[in-house]
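Novice:
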Amino acid sequence: MAEIVFAAGAPHAPGLIGLLEAAPADVKDVVTTTYRNLADAIALAKADVLIVFANDHLANSRVRAYPDFLIGMAAEHRGPFEWFKPWIGCEDYTVKGSPEIAAALFNGMTRRGIRMFAQNENLKFDDNISVPVLLTNIAGSGIPMVPILQNCTVPPIPDQHRCYAVGKALGDFIRNDLPSDMRVALLGSGGLSHEPGGARYYFIDEAFDRWFLDLAASGDHERLLNELTLEKMEAAGSGGTAELLAWVVVLGAIGSKPGKSFGYTVHKDFKCGIGGVLWDMNANLPKQRAVA
Amino acid sequence: MGLEKFNPALAIHDLIQDLKWSVALREEFAASEASVLDRYPLRADERHAIETRNFLALYDMGLHPYLGGQFARLIFGNEAGKGATIAVNKLVESLQGKGSVA
């Protein structure tokens, strides 16, 4: 049985790279502490593959033919896509892919009734993949990555229950279809509250963010699925906050585990609340806190 | 102002995607915007709103806000902390009631 050895959720706001240097010291401290801890945990986990779920941000497909989940099957993932480079302000990177695991994932999810799409060509990555890859040193670690870009913003959006079900199928795939000695890392990339392109572009819902971080770290998935509705996420920042659904996929895969946050910060220029959670894959919570 | 007005049939969605994906089209748009707009089946009010940089009107028609933010960057600037900040401020100014920010 393959094992999930790392699971985390973290934001990917572009300002975390291009605008970090100019941010106040206390903001920088939370950002660097969060991503350094995640980078260390990934390295310690000695994972054979990292599967990253992240909002596609309408980067790869037209609005009238929009996949809910798009798997990157390339042997090599290069980013960021040309137009996003000055916006993110980051260097080019190349991360090894895993076409074999990506293909197995596509087939495994299909067999489990989960419609995904997959593409052999390099996907167009913006901040969704670029920020976590660079801030957690995935590019330098040599760990192969399978990116899965998901629909968090084009109605109808797969809601928290659907994303959790996708995560449960993912967990089943990992444990039953992958080689028994394989070590798998999972990252949900996105959030916290933000409203990109909206009239409240600079709005950050600090109360929502702190509530969400505590809930995500609690391991209480029943409460999370009851309360983390699309309506609540839209109220906390339309078109952006719902990318926390990438975290929900990861939670569905790992089941109820306690997590640890490395602080929370807001900075107007980031236009996004910042904080991550690393879940303890060695812990087991009482079964009643998980969702059957 | 969220996703409730989203109208995926609007041709501006394709225009924005194509501009993002093609350096050559961006250069052509900068040099001769009208000739690029001619190639898309835009509604008259949709085209007028594009030409007058009226994001508020475009959102009322159903432009997806995420692409609206990117369209503002395509027009006003895309560089972190510089043109992108101008773009965000122009967009917000339009959406908060000003309408045209040409």
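In order, the protein sequence lines correspond to chains A and B. For the first sequence, this note's numbering gives the first residue as 57, with consecutive numbering after it. For the second sequence, this note's numbering gives the first residue as 1100, with consecutive numbering after it. Where a beta carbon is used, it is the ideal one built from N, C-alpha and C, also for glycine.
1) Got a sec? Which residues, its chain only, sit under 7 Å from Gly-254 (chain A) by beta carbon, not counting five neighbours each side?
2) Chain B beta carbons: is any one of them nearer than 7 Å to that of Val-83 (chain A)?
3) Looking at the C-beta of Pro-1164 (chain B), does it have a partner C-beta in chain A at a distance below 7 Å?
4) Any beta-carbon of chain B closer than 7 Å to the one on Val-189 (chain A)?
5) Between Gly-135 (chain A) and Trp-143 (chain A), what straight-line distance do the alpha-carbon atoms span, to the nearest angstrom?
6) Note down, in chain order, every chain A residue with its Cβ under 8 Å from the Cβ of Lys-1104 (chain B).
7) Against chain B, with Cβ distances strictly below 7 Å, would Val-322 (chain A) count as a contact?
8) Given this structure, state the Cα-to-Cα distance separating Val-306 (chain A) from Ala-1186 (chain B), to the nearest angstrom.
9) Quick check on DSSP: helix, strand or coil for His-1112 (chain B)?
10) Check whether chain A comes within 7 Å of Lys-1119 (chain B), counting only Cβ atoms and requiring the distance to be less than that.
11) Can you check the stretch 168 to 218 of chain A for any beta strand (DSSP E) of at least 3 residues that lies completely inside it and give the ranges in chain order?
12) Going by CA-CA distance only, name the one from A:Ser-312, A:Gly-308, A:Gly-332 that's closest to Gly-319 (chain A).
13) Would DSSP call Ser-117 (chain A) helix, strand or coil?
14) Using a Cβ cut-off of 9 Å, pull out every chain B residue sitting near Ile-144 (chain A), in sequence order please.
15) According to DSSP, simplified to helix, strand and coil, what is Glu-1103 (chain B)?
16) For Ala-174 (chain A), which of A:Leu-190, A:Asp-270, A:Met-129 has the nearest alpha-carbon?
17) Between the alpha carbons of Ala-69 (chain A) and Ala-160 (chain A), how many angstroms are there, rounded?
18) When you compare the CB positions of Ala-110 (chain A) and Leu-205 (chain A), do they come within less than 7 Å of one another, or not?
19) Just the chain B side, please: which residues come within less than 7 Å of Thr-209 (chain A) by C-beta, in chain order?
20) Once DSSP output is grouped into helix, strand and coil, what is the label at Ala-1129 (chain B)?
21) Going along the chain, which residues of the stretch 285 to 319 of chain A sit with their C-beta nearer than 7 Å to a C-beta in chain B?
22) At least one CB of chain A closer than 7 Å to the CB of Asp-1135 (chain B): is that the case?
23) Take Gln-344 (chain A) and list the residues in its own chain whose beta-carbon comes closer than 7 Å to its own, dropping the five residues that flank it on each side.
24) Going along chain A in order, which residues have a C-beta closer than 7 Å to the C-beta of Ala-1183 (chain B)?
25) Out of B:Leu-1102, B:Gly-1101, B:Glu-1103, B:Pro-1107, which has the shortest C-alpha to C-alpha gap to Val-119 (chain A)?
26) Taking C-alpha atoms, which residue in A:Glu-132, A:Leu-269, A:Ala-99 lies nearest to Phe-181 (chain A)?
27) Going along chain B, which residues have a C-beta under 9 Å from Trp-267 (chain A)?
Specialist: So, from the data block:
1) Non-local beta-carbon contacts of Gly-254 (chain A) in its own chain, meaning distances under 7 Å to residues more than five positions away in sequence, involve Ser-294, Gly-295 in chain order.
2) It does not; no Cβ of chain B falls within 7 Å.
3) Yes, because at least one Cβ of chain A sits closer than 7 Å to the Cβ of Pro-1164 (chain B).
4) Under the Cβ distance rule, Val-189 (chain A) does not count among the residues neighbouring chain B, no pair being separated by less than 7 Å.
5) Gly-135 (chain A) and Trp-143 (chain A) have their C-alpha atoms roughly 13 Å apart.
6) Under a criterion of Cβ atoms nearer than 8 Å, no residue of chain A is adjacent to Lys-1104 (chain B); the nearest Cβ is some 11 Å distant.
7) Using a CB distance cut-off of 7 Å, Val-322 (chain A) does not count as an interface residue toward chain B.
8) So the two alpha carbons sit approximately 34 Å from each other.
9) If DSSP states are grouped into helix, strand and coil, His-1112 (chain B) belongs with the helices.
10) Judged by the 7 Å Cβ criterion, Lys-1119 (chain B) is in contact with chain A.
11) You should have 173 to 175, 201 to 206.
12) Closest option to Gly-319 (chain A), judged by alpha-carbon separation, among A:Ser-312, A:Gly-308, A:Gly-332: A:Gly-332.
13) Three-state DSSP puts Ser-117 (chain A) in coil, outside helix and strand.
14) Neighbours of Ile-144 (chain A) on chain B, chain order: Ala-1179.
15) In the structure shown, Glu-1103 (chain B) sits in coil (DSSP, three-state: anything other than H, G, I, E or B).
16) The candidate whose alpha carbon is nearest that of Ala-174 (chain A) is A:Met-129.
17) If you take the alpha carbons of Ala-69 (chain A) and Ala-160 (chain A), they lie about 30 Å apart.
18) Yes, the pair counts as a contact, with Cβ atoms nearer than the cut-off.
19) In chain order: Tyr-1165.
20) Ala-1129 (chain B): helix per DSSP, three-state reduction.
21) Answer in chain order: Glu-290, Ser-294, Gly-295.
22) A small fix is needed here, since residue 1135 (chain B) is Val in this sequence, not Asp. Taking Cβ atoms only, chain A never reaches closer than 7 Å to Val-1135 (chain B), which makes this a no.
23) Model confidence at Gln-344 (chain A) stands at a pLDDT of 47, short of 50, so the residue's coordinates are unreliable; what they give is reported in the following sentence. Once the five neighbours on either side are set aside, Gln-344 (chain A) has no close Cβ partner at all.
24) Taking the beta carbon of Ala-1183 (chain B) as reference, the chain A residues within 7 Å of it are Trp-143, listed in sequence order.
25) Ranking B:Leu-1102, B:Gly-1101, B:Glu-1103, B:Pro-1107 by Cα distance to Val-119 (chain A) puts B:Pro-1107 first.
26) It is A:Glu-132.
27) Result: empty, since nearest Cβ-Cβ is about 20 Å, beyond 9 Å.
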